Every structure is written in C-alpha cells, then in structure tokens.
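Protein chains in written order, with this note's numbering: chain A, 1 to 386; chain B, 387 to 772.
Glycine included, each C-beta is placed from N, C-alpha and C at the ideal position.
Model, not experiment: these values are computed from the prediction.
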DNA sequence: ATGATTCCACAAGTCACTTACATAAGTGAC
DNA sequence: GTCACTTATGTAAGTGACTTGTGGAATCAT
C-alpha cells in the first residue's frame, strides 16, 4: 500500500525502521494455523488439518506452504517409529520460535523482563533490582536493560519481537499513559507506552500490574478455566484486577476496582497495621520479617497480621459483591504469604456474601505481573494472526 | 439441511412449529444491509451502496435482490423532486417492518410490553397494572396478555416476532432462570426464559431490570455515546446495572453490582428512610406522596428524603469507584424524582472519588426497562444478521 | 427527433476453493 | 527383487462469489 516507488527512487527516505510485523494471513491460512496449534499431537498431517478445518486438502496444502514460508510452521521429518503401510504422510508443526513477545514488570523494587515464544513458553528472563527512589530515567533505563538482557539471553533479535506489554503500578489510561501512581510518585504523568515505543519496533501495550496478575492467574495460575475472576493484591499496597466473562476490565479512567480511596473501606490504612512506617524503603523487608515471625509463633506478629486482615475484609467483600466473580485470587507481592490471607478472606466472604465466590491464593507469586504481560502481548499478536 | 424428504413424505411429523427465524444472510448481503441501514439518507442508490461497502455494483445488486425477496429492503419510487440528467437511479431503503422484537418489563406493580420494529421504533405498547401480591401464574398470564395486546395493537403476527427480551426484578442467571428475587419472592426459582419460550416461537432472553435500564439509557437516554455507564436504581429498591466498554456486565451468578447485601453500605435500610413500612403494598404511593410533599415545601418530607440520600451515597461512591464509569445515571422507578437525587449524588461522588464520574438523572423513567429489553432483543437479531 | 448523460443488465474474466483422478512412495508377500 | 496393495501427494478440471467491461435502456436538454 505504501509507496514502493518512493523507496526505490529517492534516496532521502528515512531509513526503513526495521518494523517487526506480525504477518497478515489470508483467511484459510489463519484457519489452518489455528488448527495446527490446537491439535493435541505435536505434529499434524495434512489430512488431519483438512478435516479439522473443514477445508479441502489442496487448500490446506497451499496454506501450509505459505505458513512454512513465513516460518510459522515447519515440516517435520517423518516419525521412524510410526511404520504404516502406504506413502508416509508429511507432518507439520507450529514453530513457536517464529516470533517472540516480551512481558515487563516495572515495579518499585525490581524490573522483570520475561521473553516468551509464541506458545508462551518462557525463553529467557532477566531481573534487575532497583532502588525504590530511582527517578523516571533510571527506571526506564533499567527496564530497557532488562529487556535487552532477556533478548540476548534468549538469542532473540529485536526484529523477532512482535509485541511488548509492560505492567506497572498506578492508573494507566488507554493510551498507555500513567495518570497516577502513588507507589511511584515520579511515575505519574509518564507516557510509558510512547517512551518504550521508541525502544521497540513493535506495538507496546501498558497495563496496570494487578490487572496483568489477574490475566496471568487465569492463564497459568489458579484461575484457569474461570471467566469471572477478581485478583486481589493484599500487602503493602492494595489493588484489584478484574476479568469479567474472560475479558479484562479497565473502566473509563483505567481505575476500575480502585475502591481503596474510600476511607470506609479501610484499605489505605491497612498496610499501616503490618508495619509502623509503610512508606519507608525498608518496609518490604519488614513485612517479610513479620511473616517469618508470625510463622515462628510470635504472638505480636500474628496480631499485626490479624489486624491487617480485619482491615481488608470489608473491601474484599465489596469487590466480591460488586463484580460477582467465580473466584477471588489473593496475591501479596511479598513472598509466599498468600496462604495466610486465603482462609481469613474466604471466611469473610462466606459470611458477608449471599453467593460467596471461592478464594484461592496466587499460584504465580512475584512472576504474575510479567507473565500476565506476556499473555496480553500474545493476545495482541493472536488477534492479528486471526 | 433438515429433511425436506421427511416433511413431504411422512404425515406423522410434529407440526412445523411456525418458528420465527431471522434470515441467514450471505456475507455480501449482510454488508449491503449494514450499508443501507447506516446511510444518512433515507434512500440509498445502488452505486452509493457499492462505494460504501467496497463491493462492485453487480454484487450489490444481487444482494439487494435477495434482501428485497426477504422483505428486508424495499425499492423506492424515484424521488420526483430530484430531477437530474440521465436514467434515474433505483433507490432502496431498509424496511424496519420486516421483523419485530418485543421488550417486556415484568415488574411488581405492572407489566409493560413494548413492540418495536427493526429500527427500534416503538410500534405498540401495552401496560397492565398487576397486584403486587400476584402469584407466579397470574403474573405470567398478565405478561402474555400484555404481549398479545401489544402485538394486536401493532398489527404484528406472532411469526413476525424475531426476538423477545424480558426484564424483571432479581438475580437472573445466564439460562434465564430467576435465582433470587426479594421484591417478588414467589418469582424465585422460576425459569422465566423457558416459561416464556413456550409462548413465543422465537428466542427469549431474560435479564435483570436494572441492567436493561442501563442499556436503554445508553441507547436512547442520557448515556448516549458513553461506553462506561453505571445505572443506579435508587428508590424503594436499590439496584445497579453496569456497562463496561459498551458491553453489559453480568458476573458469574448474575449478581454483579449487588453490593446492597453489605450492611456497611446501608442500601437495605435506605428505603426505610423514605417510608415507615417499605414492604407495605402501598409504599409506592406513599413515596409519590412524599416527593410531592417535599416539592411543596414540607420540611419533614424533605428531611426524610435527605436521610435517604445520605444513606445511599456511600454505596453510590462504592460502585462509582469499583466500576470507574464515565457516567452514573440515577433512576428511581417512581415518577420523576430523579432530579432530587442527581445533585446530592454528584456532590457525594465529587467529594469521595478522586476522578468523579458525571451524574445524570434518567431520561427514560419508567420505560427504561422495557426499552432496554427492546435494545437487547435487537442486538440479538442484529448479531444474527451480521 | 437526436445527442448527452446517467444508470442498468448481461457477458466474460478472476480468484479461492472444491472435487476428481493420476502418480509417487512406502509396506508386505512371494 | 518384483509385484500387489496401501496411503499420501500433485495436478487438472470444475464451481461459486466476486470482479471488470461493454452494450443497452431511461431520462433530460436541444
């Protein structure tokens, strides 16, 4: 569509920006690709793909040729184990390495980059600890460094990256701008999607971290097969991510689920029950210590945690009633305290809700946000391939 | 696909159930139909439809022939006002009367049937006042009577009905069963979709009334062009309907938005501030009288209303924060008191929410539910035509 | 009437897909 | 090793929905 003439004639064109592009597939090829990916067996014979798609064999064959030319599928050497009569069938399989996506979790204390192939299998990971007081530039630089390191570790070239999603603390609008972040005040106002867009030659999506955690738990965690999920981040920071009918909810300003602003809910005060000075940079370690103490039988530590739980239950019941999920996933952010939260929250919801949802603790822990980012990036890619 | 042989040969077939069926259109016809409907002008020339769809003129012509055969479009006599050179172009226009949908509002005190054509223009209406204590059977009979009366008044045959949607009080699951209705206790457990399905030879959808009101306000009321809407029913009954990204939210059990169960929210007690005995059958009239008194300057009536408003604001703020809508529509159910509610709720949200939504009072009043039902039925039809 | 103008109707060509058939590449029996 | 059998591949011819292209029909201006 764009001028082939200009690129061949004039030399003063801006350099072709090496845009990583998801290939555009004709309808039949997209159908065949979906069938190959959906197949239970690792390798798919042409005839199988034909019956699966309802298309005829010749059509499937040309589609497979195109997909093979794009690298999206590869022909497989015939399995020597399977010896049957007749001419052996050609087998194809999806090549998840044809493209890659990157999920970024830009947190207060760390930046985590997760590189995955088109199957969502993690190819490489890179984590960089950062100073919670780091200014914008430094945190962005750390993000780019983590992304680059993951790409290098995975041996993936930049133009093999088809989509990037970043998750971060705060209210993110639909353009990828951070409207407000209380945990990272200097983050407020940053157009993160545009900033990162200059680094990557592919679409960059930005989403609130709790939402991505909700997506991840549905993808790989405790909320698999569940369409209506509320993810409840309960820890030094309170947050909510909501899936309704399997689709991520954002709200008009991107602040859906942020009921913490209501003093009656008590969420803003809740972290104060855990540690004396929640804003201190050392609060993260203090909470870890507190949990360890409570597990070791320290009564005053348990009491603190009890007060914290009492403070969050009303809010938990409110979101459960408001969104009517099938499952509430509680995640903490700090390591492995989710089990301490699950039972009390379940009890609270059982008492407060007429039709109480199940409550489960996060299965993915600290990786949830980056994995959710990977899933969102994959969804973006797959929407284009369809 | 189904056996033409059987119907012609055997006589013992069950009588063809006169199924009202939305016609199945080939892709090009659906495209052309959409173009004809979307056109600004009432009549569309073939060439215009061709450029609008991107299809060629011959293709558009055969599509129009098919649509005309189905009655979905009609050829229009050439406009004698438009005198131009050359052979006059044939004009087509959408025939909204090709099919009809029915919206039902099955309430405590009334049943309202609204019959509309495919443009959503109301063709006929029938309202039956019912005893609030009426048992299931009677209310269902009244519903059927209202539907029939509307059909007769509109001169529409039963097989011209392409979809029916019913709205009613209570928690409705995705199969159209009423799981719980506090306002109509004998309604609980009724499989309303199946009951009504025996009456109508077309799909019957059932939805909670507040949700339909939200849909209606977005369609014809104050929430036009707004994708994220919370409809707040504030009166003798509290309820919520939520649209997020323009799509109706239901939740896992169909109880999304039902935060009234929380005592801290205060919604269950709120109607008690308006009248002394909210469960009495005369409470409806009592509220109407109360509003009239307050408008006339009665101090104690105003005080009652003030207490009611104070009791609902926390819940309003909660749903506003939870769902992050662009607009909150307050509706009452009883006649025209919404303006008394709008300003106090707006004030409450402005104080309690960091990014307060706009608050508007319902534009559709008592008709909202039935009109929302019409819209949902039309959406169902249009999804099939696409 | 005649020509200009505009739209319609029919024919022929194109594309993606189908069915149908001949050919290739193996296995197993002799 | 050769032959028959089985199974999958490769290619040709056919179909349907859509395209472009050309001649014809309906109206206005002269």
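Residue closest to residue i, alpha-carbon to alpha-carbon, out of the options
i                     : options                    : result
residue 92 (chain A)  : A:101, A:113, A:61, A:110  : A:61
residue 113 (chain A) : A:249, A:205, A:147        : A:147
residue 348 (chain A) : A:378, A:150, A:311, A:303 : A:311
residue 621 (chain B) : B:487, B:702, B:489, B:427 : B:702
residue 597 (chain B) : B:625, B:753, B:463, B:577 : B:625
residue 654 (chain B) : B:660, B:661, B:646        : B:646
residue 421 (chain B) : B:436, B:412, B:409        : B:436
residue 40 (chain A)  : A:52, A:30, A:29           : A:52
residue 357 (chain A) : B:639, B:684, B:434        : B:639
residue 674 (chain B) : B:665, B:660, B:554        : B:660
residue 132 (chain A) : A:324, A:363, A:142, A:225 : A:142
residue 197 (chain A) : A:158, A:279, A:297        : A:158
Chain-ordered chain A contacts of residue i [CB-CB under 7 angstroms]
i                     : result
residue 645 (chain B) : 318, 321, 322
residue 739 (chain B) : 261
Supposed close pair residue i, residue j - CB separation, criterion 8 angstroms
i                     : j                     : result
residue 136 (chain A) : residue 186 (chain A) : 5 angstroms
residue 526 (chain B) : residue 586 (chain B) : So it is not a contact: roughly 13 angstroms between Cβ atoms.
residue 108 (chain A) : residue 129 (chain A) : With 8 angstroms as the limit, residue 108 (chain A) and residue 129 (chain A) do not qualify as a contact, their Cβ atoms being about 11 angstroms apart.
residue 727 (chain B) : residue 695 (chain B) : 7 angstroms
residue 229 (chain A) : residue 243 (chain A) : 4 angstroms
residue 257 (chain A) : residue 359 (chain A) : Actually they do not touch by this definition, with Cβ atoms about 16 angstroms apart.
residue 163 (chain A) : residue 202 (chain A) : 6 angstroms
residue 458 (chain B) : residue 501 (chain B) : 19 angstroms between Cβ atoms; not a contact.
residue 37 (chain A)  : residue 46 (chain A)  : No, residue 37 (chain A) and residue 46 (chain A) are not in contact; Cβ-Cβ is about 16 angstroms, not under 8 angstroms.
residue 327 (chain A) : residue 103 (chain A) : So it is not a contact: roughly 22 angstroms between Cβ atoms.
residue 184 (chain A) : residue 169 (chain A) : 6 angstroms
residue 67 (chain A)  : residue 29 (chain A)  : 6 angstroms
residue 487 (chain B) : residue 595 (chain B) : Not confirmed; about 17 angstroms, so no contact.
Span separating the alpha-carbon of residue i from that of residue j
i                     : j                     : result
residue 760 (chain B) : residue 520 (chain B) : 25 angstroms
residue 637 (chain B) : residue 165 (chain A) : 27 angstroms
residue 13 (chain A)  : residue 156 (chain A) : Caution is warranted here: a pLDDT of 34 is assigned to residue 13 (chain A), below 50, making its placement in the model unreliable, and the coordinate value is therefore given only provisionally. Cα to Cα, residue 13 (chain A) sits roughly 28 angstroms from residue 156 (chain A).
residue 344 (chain A) : residue 562 (chain B) : 34 angstroms
residue 397 (chain B) : residue 590 (chain B) : Unreliable placement is indicated for residue 397 (chain B), whose pLDDT of 33 sits below 50; the coordinate value is still reported in the next sentence. Cα to Cα, the separation comes out at about 30 angstroms.
residue 484 (chain B) : residue 504 (chain B) : 7 angstroms
residue 379 (chain A) : residue 247 (chain A) : 11 angstroms
residue 2 (chain A)   : residue 384 (chain A) : In this prediction, residue 2 (chain A) scores a pLDDT of 32, lower than 50, which makes its location untrustworthy; no coordinate-derived value is stated.
residue 322 (chain A) : residue 593 (chain B) : 17 angstroms
residue 350 (chain A) : residue 648 (chain B) : 12 angstroms
residue 270 (chain A) : residue 303 (chain A) : 13 angstroms
residue 220 (chain A) : residue 249 (chain A) : 19 angstroms
residue 171 (chain A) : residue 179 (chain A) : 5 angstroms
residue 617 (chain B) : residue 144 (chain A) : 43 angstroms
residue 641 (chain B) : residue 772 (chain B) : 30 angstroms
residue 86 (chain A)  : residue 79 (chain A)  : 14 angstroms
residue 181 (chain A) : residue 241 (chain A) : 16 angstroms
residue 440 (chain B) : residue 768 (chain B) : 21 angstroms
residue 482 (chain B) : residue 750 (chain B) : 23 angstroms
residue 332 (chain A) : residue 631 (chain B) : 29 angstroms
residue 48 (chain A)  : residue 90 (chain A)  : 11 angstroms
residue 64 (chain A)  : residue 121 (chain A) : 23 angstroms
residue 376 (chain A) : residue 276 (chain A) : 37 angstroms
residue 313 (chain A) : residue 578 (chain B) : 35 angstroms
residue 741 (chain B) : residue 682 (chain B) : 35 angstroms
residue 619 (chain B) : residue 747 (chain B) : 10 angstroms
Partners in chain B for residue i, counting only beta-carbon separations shorter than 9 angstroms
i                    : result
residue 55 (chain A) : By Cβ distance, chain B contributes nothing, its closest Cβ being about 17 angstroms from residue 55 (chain A), past 9 angstroms.
7 angstroms Cβ cut-off: residues of chain B touching residue i
i                     : result
residue 264 (chain A) : 650, 700
Residue i: contacting residues in chain B (beta-carbon distance under 8 angstroms)
i                     : result
residue 251 (chain A) : 614, 630, 709, 710, 711
residue 256 (chain A) : 630, 708, 709, 710
Residue i beta carbon near the ligand GTP (any heavy atom closer than 7 angstroms)
i                     : result
residue 155 (chain A) : With respect to the ligand GTP, the structure shown offers nothing to examine, as it has no ligands at all.
- Any chance you could list the alpha helix (DSSP H) runs of at least 4 consecutive residues sitting entirely within the region 674-746 of chain B, in chain order? 685-709, 724-738
- Residue ranges of each beta strand (DSSP E) within the region 543-578 of chain B, 3 or longer: 547-554, 564-566
- Item | Segments assigned beta strand (DSSP E), at least 3 residues, entirely inside the region 415-498 of chain B | 459-462, 477-480, 486-492
- Query: Unbroken beta strand (DSSP E) runs of length 3 or more, entirely within the region 597-640 of chain B: which are they?
  - Reply: 615-620, 624-630
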